Structures are given as structure tokens and as C-alpha cells.
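Enquirer: Protein chains in written order, with my numbering: chain A, 332 to 471; chain B, 77 to 295. Below are the C-alpha cells for one structure; questions will follow.
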Amino acid sequence: MRTPFEDIESKLLAKQIQALNKHLPRERKTLAELLKEEKPSIVCRDGSTHRFIKEELRKLSSLLPTYCHNKLRLPIYIELGPTEFGTGIARIRGEEECKLVNKILGVKPNGDKVFIYRPDIRKLRKELPTTTQYVFTLLT
Amino acid sequence: MAELIEGVNPTRMELLKLKERVKLARKGHKLLKEKRDALVMELFDVIEEARGIRGNVERLLREAFEHLIIAESVMGVLTTQEAAMSVEESVGVDFANKNIMGVLVPLIEAQREKKTVIERGYELRETSAKLDEATDKFEDSIEPILKLAEIETSVKLLAEEIEKTKRRVNALEYIVIPRLENTTKYIEMRLDEMERENFFRLKRIKSILAAREVTEAPA
């Protein structure tokens, strides 16, 4: 049974994580939707607009088969947070997302998720600067 | 050495509360450290991209101005200015933002197609070929200038955010967490001390009662 302290703690932590993740979109869009837009963008939780580079979207569409364009939701989340293995490890979830990471980095996914390390995170961010976003969470 | 939290009651309830706060502060600290590390990584990538761009822009502008000076000396300053006034604005710039962990970094795109000499709008019969060359050079330098503006602003904004996050991480690491830990230790020590005092008091009472029993007992 949870104590009242644990409840307060989880609430405060949730609030802190929310503040760290205010740059995330209110709603993610699929690759197919974004490819149709003249100026592809999404609205973030803090009210700002995040623009995608068209060239990058075209690159993604060439890496994935057409039937996946409706399934891939952008931006791709790179989940960061302390894990039992230490820090600096990121998790990427989702079937299409894992396929993409596999194609770009050559890392084999474990089911519908893949764990990558700092040099790979850097490489991925370099390849996809606007179509990936960091998420801060407790990876437990 | 970190201080203690003032006005804290050395009770078991307070101790439990503090232990939870320490746990929470440690989790927050780890998350903020992750954010700081990710921001530093982004900053290094932007700096790497910026390397060479400034030099390139400076070289392009120097060449463009050299051609302009020659054009001015051939055609005269007034004619050159006249030609410049007759040129229509040709660069459309699309300003947008990309959000990197809450930092709104500019995304500048130039929307233009390279114009031919005839499309530029100035009178060809009255101008020198050097002016065309200068115009070419200036047109070529537009995109690198915009890229440089984007990168230099990004570096500045990311550096500011890193500083802010670093300050928060350090405050948690060197002030908040040690203070909470010290207060927890202090309460534990006080509770132990109170327990020892109680134990000693009971022992003392017991010995007093025992001594009284001996003196009051009928001989």
C-alpha cells in the first residue's frame, strides 16, 4: 500500500517531469500528414511551434515503405532518464521508429523498443535534427 | 559544509517526510543532469556545424566588396547607386522555429531563385560587367549569411539554457540535497539521543524505586 508521502512525491515528480517536457507536441502528426503540408509544423505544449525541415521528411519517406508513412508519428521520441544501467542511455519505442533507427544506426531493436547510447544518440540527432525530440522520463 | 533546514522538528514524522524529499530531489537531479548533458551535446554539434561557415561568409563578402569597388571606380559611385536602387528586392526569407528541449532555435530558409542579369532590373547599357560580378557574389553570400545567423543565434540560446540548467543542477547537488541529508542525519541523531535519554531515565527511576523499596521495607 502506498503511503501519503509516496503520493506527494510522485505528484511533485510528475510536475517536474512535465516542466522538463514542455517542448513536446500537444499532438503528434504522421509522416504522411506532414508530407502534405506546405510548412510542416506542430504545436508544442508550451504553445510554441516546431517546424520540420522538408528535406528531412523526404529523407524519412525514402527510408520507409509507403504503407508505413501513416503509422510513423513525428517527432520520434528519444527517451532519456536514469536507468538501472546508469545514465546516458536512451530508449526509442514504436515499431516504425525502431525500423528507422535500425536503418540509420544499424542497431537491432528488442521487440518494439530499442536502447541506444550517447554516440548513437548524437548520430541520430545529426541525421534527424527536427524529426526527433528528447523526452525526459524515468526509464523503469 | 551544508547547513541544516531551520525550524525543523526532530520527530519521526518529519524524518519520513525528509527521506521522501531526498529521494525526490535525487531523481530530479538525475533528470536535470540528463537534460544538461543532452544540451551540451546539441551545443557541440551546432559548434561543429558553425566551424568554417564564418570564414566562408567573410571570404564571400570580401570578394563581393572588391568587385563592387572596381565597379564603382569604372562606373562612378552615383551610377552604381542608381543601378542598386533600380533592383527589386529578390530575397524572401522564411523564419520558423525548432524546439530543442524548450529552447526555441531559429530556422531560417531563403526562398529565392538565382536571377539572370536581365531579370535583375538595372540598365545593362549603363553598367559595367564588374557590377554583374559583384551582384553575383552578393547573391551567393546570402545563403551562408542566413545559415551563419541561424547557427550563431542557436549557439547563444543553447549556451544560455545550459547555464540555467547547470545552475539548477548545482543548486540541487551542492545545496538542496546535502541540506536535506544533513537535516535527516540531525533528526536521526536527535531521535537516538532522545531514546538514550529515555532509556537512562527509566533505568534511573528503576534504581530509585529499588532503593526506596529497600529503605522503606520493614526491618
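Each residue gets a CB set at the ideal place from its N, CA and C atoms; glycine is no exception. Owing to the predicted nature of the structure, the values given are computational and were not obtained by experimental measurement.
Quick one: which chain A residues come within Cβ less than 7 Å of A114/B?
Expert: Here the neighbours are L411 and Y465.
Enquirer: Report the option in D208/B, K106/B and L115/B whose CA atom is closest to the CA atom of A159/B.
Expert: Nearest C-alpha to A159/B: D208/B.
Enquirer: If contact means a Cβ-Cβ distance below 7 Å, which residues of the segment 83-105 of chain B contact chain A?
Expert: Those residues of the segment 83-105 of chain B that come within reach of chain A (Cβ to Cβ, closer than 7 Å) are L92, K93, E96, K99, L100, K103 and G104.
Enquirer: State the Cα-Cα distance for the pair P86/B and K342/A, rounded to the nearest angstrom.
Expert: If I take the Cα positions, the gap works out to 25 Å.
Enquirer: Look at the Cβ atom of E110/B, then the Cβ atom of L411/A, and state whether they are nearer than 8 Å.
Expert: Yes.
Enquirer: If I'm right that R449/A touches G419/A with Cβ under 8 Å, what's the distance once you round it to whole angstroms?
Expert: Confirmed, about 5 Å.
Enquirer: Starting from the C-beta of K353/A, find all residues in its chain whose C-beta is less than 8 Å away, skip the five residues before and the five after it, and write them out in chain order.
Expert: If we look at K353/A and ignore the five residues flanking it on each side, its Cβ neighbours are C375, R376 and D377.
Enquirer: Does the contact criterion of 3 or more C-beta pairs under 8 Å hold for the segment 141-153 of chain B versus the segment 123-133 of chain B?
Expert: Touching, no, given that fewer than three Cβ pairs across the two stretches are closer than 8 Å.
Enquirer: Out of curiosity, what's the CA-to-CA distance linking I81/B and T259/B?
Expert: So the two alpha carbons sit approximately 6 Å from each other.
Enquirer: Grab me the residues of G425/A's own chain with a C-beta within less than 7 Å of its C-beta, minus the 5 sequence neighbours each way, in chain order.
Expert: Closer than 7 Å at Cβ, skipping near neighbours: D443.
Enquirer: Just tell me which of L144/B, L256/B and S217/B has its CA closest to the CA of S204/B.
Expert: It is L144/B whose Cα lies nearest to the Cα of S204/B.
Enquirer: If we ignore side chains and look at the alpha-carbon of each, how far apart do I435/A and E458/A end up?
Expert: I435/A and E458/A: Cα-Cα distance of roughly 8 Å.
Enquirer: Could you tell me the alpha carbon to alpha carbon distance between Y465/A and L351/A, rounded to whole angstroms?
Expert: Roughly 10 Å between the two C-alpha positions.
Enquirer: Name, please, each residue of chain A whose Cβ falls closer than 8 Å to the Cβ of L267/B.
Expert: Here the premise fails: no neighbours, minimum Cβ distance about 17 Å.
Enquirer: For a contact defined as C-beta to C-beta under 8 Å, what are the partners of C399/A on chain B?
Expert: Within chain B, no residue comes near C399/A; the closest Cβ sits about 24 Å away, beyond 8 Å.
Enquirer: Tell me whether A147/B sits in a helix, a strand or coil according to DSSP, three-state version.
Expert: In the structure shown, A147/B sits in a helix (DSSP, three-state: H, G or I).
Enquirer: Tell me, which residues are paired with V122/B by DSSP?
Expert: DSSP, once it has assigned bridges, lists no residue as partnering V122/B.
Enquirer: Nearest to R97/B by CA position, among E215/B, T291/B and I253/B, is which residue?
Expert: That would be I253/B, whose Cα lies nearest to the Cα of R97/B.
Enquirer: Tell me which residues share the same chain as L233/B and place their Cβ nearer than 7 Å to its Cβ, disregarding the 5 neighbours each side in the sequence.
Expert: The residues are V179 and V181.
Enquirer: Can the beta-carbon of A225/B be found less than 8 Å from the beta-carbon of I176/B?
Expert: Not a contact, by the Cβ cut-off of 8 Å.
Enquirer: So the alpha helix (DSSP H) K444/A belongs to, where does it begin and stop?
Expert: Segment K444 to Y448 is the beta strand (DSSP E) holding K444/A; no alpha helix (DSSP H) there.
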